[in-house]
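As structure tokens, the structure follows; a few thoughts come after it.
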Amino acid sequence: MTRFRFVVLALCVSVAAVSAQSGGPVYSNVASIDAGVDGQPLRTFAFDAKANRLYAASDRGLFWVNVGEAQPVWKGPMFKMDIRHIEFAPELGRVFFTTVEDVGYVSVEALTEPKLFAHVRASDMTYEPTRREIYVTSRAPRVNVYDAATGEPGAIVDLPGWQGGGLEAVPGRVFLMQAKTPGLFSIDAKTHALSSFPTSEKVVTPVYIEADPSGRYIFAAYYQNIVAIDPSSGKVLGRATVPSVPAIAFDPGTNLLVATWADEPTPVRVAAFRVEAGGLTEVSQFRNPRVGAVGVEPTSRGFIQLGINRLYLWSAKVD
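When you line the sequence shown up against my numbering, it's residues 3 to 321, in that order.
Now the structure itself:
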């Protein structure tokens, strides 16, 4: 899922350097890059940890950047289409994408031409790794499942609560919400059975769902809440309260959840949280870049932060 929340704020913080304000792993702002290409903002992102590469797309096509470069520059487009959403499938080396009316993929290793395999006005999409399947929602009351290796259609999951959205996968399970039915729901990747996903403490939907790729945690962000949840049981493992709606991203390289939110007197806060026995604990807070804003996307041992016309690349140093 694309994690950037495009909340552009006028910032008065003049200190460009970044540093930790409390104990814990230290993230440093190591570079920045344009937030758009050819005058059009990039609107959806996916990270390839093996290649250390960030993919991004707009109505100009699919672009990429190697985040380890000293002076990163967008390359591409790999192909030109009006792309609405992308997901990376590491087991297949493919970027899956949606356009206004189609779903397709491109092999980023073989650099083949993009292949369209479904004609649907997709509203959301996610990749489930254990079965290697793509889940797609539209305005119809169902989830369409496709074989990510072949593009062939598979199961159709009916949604009694009408349109689905907020798709996020962990190994073996896909989480989502339904437009006319409150609460979280999950689809079993093996049986494609839909069921409600009750949590041990109240979680008010709609939420933004973020997952630990290994499947240990999912996180829900809404209103002034960040909630860590066990995806196998629904047990709430911890909760943090912040002054405004947060944007969140889980960094699998450090096992930290990064969050940004608007605050006063400092307009934007950047912090890292860890799931511990005592709950969801803030372990570090960092100075916001001068034109940093609310919005984050995970890399590995780092993250990307939205800024005013810039994207900030952060890297972690763990002692």
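Cβ coordinates follow ideal geometry from the N, Cα and C atoms, glycine included.
Since the model is a prediction, treat every value here as computed from it, not as a measurement.
DSSP three-state assignment for residue i, whether helix, strand or coil
i    : result
G304 : strand
W164 : coil
L258 : strand
V176 : strand
L315 : strand
L196 : strand
T283 : strand
E299 : strand
V17  : Residue placement at V17 is poorly supported in this model, since its pLDDT is 31, which falls under 50; the coordinates are not used for a value here.
L186 : strand
N290 : coil
I158 : strand
G309 : strand
Q42  : strand
Y225 : coil
A264 : strand
A181 : coil
A191 : coil
Q23  : Low confidence applies to Q23: its pLDDT is 47, below 50, so where it sits in the model is not reliable, and the reading given next is rough at best. Of the three classes helix, strand and coil, the one that applies to Q23 here is coil, per DSSP.
Residue range of the unbroken beta strand (DSSP E) whose run includes residue i
i    : result
A33  : V28 to D36
R241 : V238 to T243
P208 : Per DSSP, P208 belongs to no beta strand (DSSP E) and is neither H nor E.
T46  : T46 to D50
D149 : R144 to D149
R218 : That residue, R218, is in no beta strand (DSSP E); it is neither H nor E in DSSP.
A58  : R55 to S60
D253 : A249 to D253
E278 : V270 to E278
Nearest to residue i (by Cα), restricted to the options the options
i    : options                   : result
R289 : R62, D265, W76 and V229   : D265
R62  : Y107, M80, G304 and Y148  : M80
H121 : I136, I310, T101 and E130 : T101
G70  : G41, I310, H87 and F49    : F49
V97  : P131, V32, V270 and S109  : S109
P291 : L282, G304, Y314 and T283 : Y314
V159 : P173, I189, T152 and A150 : I189
Q226 : G236, R241 and D232       : R241
F295 : V32, S30, A37 and V28     : Going by the sequence as given, residue 295 is Ala instead of Phe. Among V32, S30, A37 and V28, the Cα nearest to that of A295 belongs to A37.
E135 : S34, D253 and A151        : A151
K82  : N68, G95, A59 and Y29     : A59
E111 : L161, W164, Y57 and T128  : Y57
A157 : H87, L186 and D149        : D149
W201 : K237, E154, H194 and V247 : The sequence given here has Thr at residue 201, not Trp. Checked all of K237, E154, H194 and V247; the closest Cα to T201 is K237.
V293 : G281, P269, Y137 and Y219 : P269
V28  : L308, G304, Y129 and P92  : G304
D104 : G153, W66 and E130        : G153
E130 : A91, P233, A142 and V145  : A91
E284 : S216, T243 and R55        : T243
Residue i: CB within 7 Å of a non-hydrogen atom of the ligand ADP
i    : result
T183 : What this structure holds is no ligand at all, so the ligand ADP is not there to describe.
Next on the checklist: For a minimum of 3 consecutive residues, which ranges assigned as the beta strand (DSSP E) are wholly contained in the stretch 64 to 141?
Outcome noted: 87 to 91, 96 to 100, 104 to 109, 117 to 121, 126 to 130 and 135 to 139
Next on the checklist: Count Cβ pairs between the stretch 205 to 212 and the stretch 165 to 177 that sit closer than 8 Å; are there 3 or more?
Outcome noted: yes
Checklist entry - Does the stretch 62 to 74 come close enough to the stretch 263 to 278 to have 3 or more Cβ pairs within less than 8 Å? => result no
Checklist entry - Can you find at least 3 beta carbon pairs, one from the stretch 286 to 301 and one from the stretch 256 to 265, that sit closer than 8 Å? => result yes
Checklist entry - If you pair each beta-carbon of the stretch 117 to 136 with each one of the stretch 179 to 187, do three or more pairs fall below 8 Å? => result no
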